[in-house]
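**Student:** One structure follows; several queries about it will come next.
Residue numbers (UniProt numbering): 1 to 100.
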């Protein structure tokens, strides 16, 4: 039996899951062996969270409930890490503080 996990998180980042946030999201997803998917509705459609093109195609603006699910090795850790990234606003504030 394969491990699986899922969670829902509110996007609070000003531009939502757009260019830079999408890159950070997919880069993090790729660090896990688990198959990771994301959707803007609980019933889908589901997109490969490791594909920048597909994640950006989800067009998830601020205020969207983002649904994340994973299956396979490290599924729970993958979902937890991605939820944490979204809750931290994709670390955008920290990035801007360093460049200011």
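The beta carbon of each residue, even a glycine, is placed where N, CA and C say it ideally should be.
1. List the residues that DSSP assigns as beta-bridge partners of residue 4.
2. Taking only three categories from DSSP, how would you classify residue 40?
3. Considering only C-alpha positions, which residue in the set 40, 50, 90 and 57 is nearest to residue 7?
4. Whose C-beta lies closer than 8 Å to the C-beta of residue 13 among residues of the same chain, with five residues either side of it excluded?
5. For residue 25, which three-state DSSP category applies?
**Tutor:** According to the structure shown:
1. The beta-bridge partner set that DSSP reports for residue 4 consists of 71.
2. It is coil, neither helix nor strand.
3. Minimum Cα distance to residue 7 is reached at 40.
4. Correct list, in chain order: 21, 62, 86, 89, 90 and 92.
5. The three-state reading of DSSP puts residue 25 in helix, counting H, G and I together.
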